[in-house]
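Residue numbers (my numbering): 236 to 367.
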């Protein structure tokens with residue numbers, strides 16, 4: 236298993252993680268916000284379309300909470316690649332809004348990865364969760 240990979244906070248002063256998301260045969264490189272306060276991973280609508288997903292084919296309706304509670308969402312599973320860490324499948328709430336970032340939350344990003352924040356050093360480390 237690869238060791239932890241270290242990432243720097245960018246000019247936004249927030250922990251954005253560079254990664255590649257794939258759906259079927261399409262991939263997109265992007266930065267996603269690590270949000271320890273988010274229950275779920277969230278995918279903006281336009282990015283889902285860019286990956287080739289079709290809204291009407293995603294039949295699992297999801298209810299978002301907080302600031303996103305009034306936005307319709309559907310479940311979708313994508314493959315994520317983070318640097319040298321082996322690919323992992325992540326479940327997302329595909330939100331029918333494009334005015335949001337890609338958000339990585341507890342289900343299921345923080346269930347698959349251990350993350351250590353070094354706020355004073357403006358960086359964080361990510362590693363695949365160790366099996367018990």
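Glycine included, each C-beta is placed from N, C-alpha and C at the ideal position.
Buried versus exposed, by CB contacts within 10 Å (16 or more), residue i
| i | result |
| --- | --- |
| residue 312 | exposed |
| residue 349 | exposed |
| residue 279 | buried |
| residue 251 | buried |
| residue 296 | exposed |
| residue 267 | buried |
Contacts around residue i, its chain only, beta-carbon distance under 7 Å, and the 5 residues preceding and following it disregarded
| i | result |
| --- | --- |
| residue 293 | 309, 310, 311, 329 |
| residue 327 | 276, 277, 278, 311, 313 |
| residue 357 | 243, 244 |
Integer-rounded CB distance, given that residue j should sit under 8 Å from residue i
| i | j | result |
| --- | --- | --- |
| residue 303 | residue 277 | 7 Å |
| residue 254 | residue 315 | 5 Å |
Residue i Cβ short of 6 Å to the ligand MG heavy atom set
| i | result |
| --- | --- |
| residue 251 | Ligands in the displayed structure: none, and consequently the ligand MG is not present. |
Cβ shell of residue i (< 6 Å), same chain only, five flanking positions each side left out
| i | result |
| --- | --- |
| residue 240 | 318, 361 |
| residue 333 | 279, 280, 281 |
### Message
Three or more C-beta pairs under 8 Å: does that hold for the region 286-296 against the region 251-261?
### Response
Taking a cut-off of 8 Å on C-beta distances, the region 286-296 touches the region 251-261, as three or more cross pairs fall below it.
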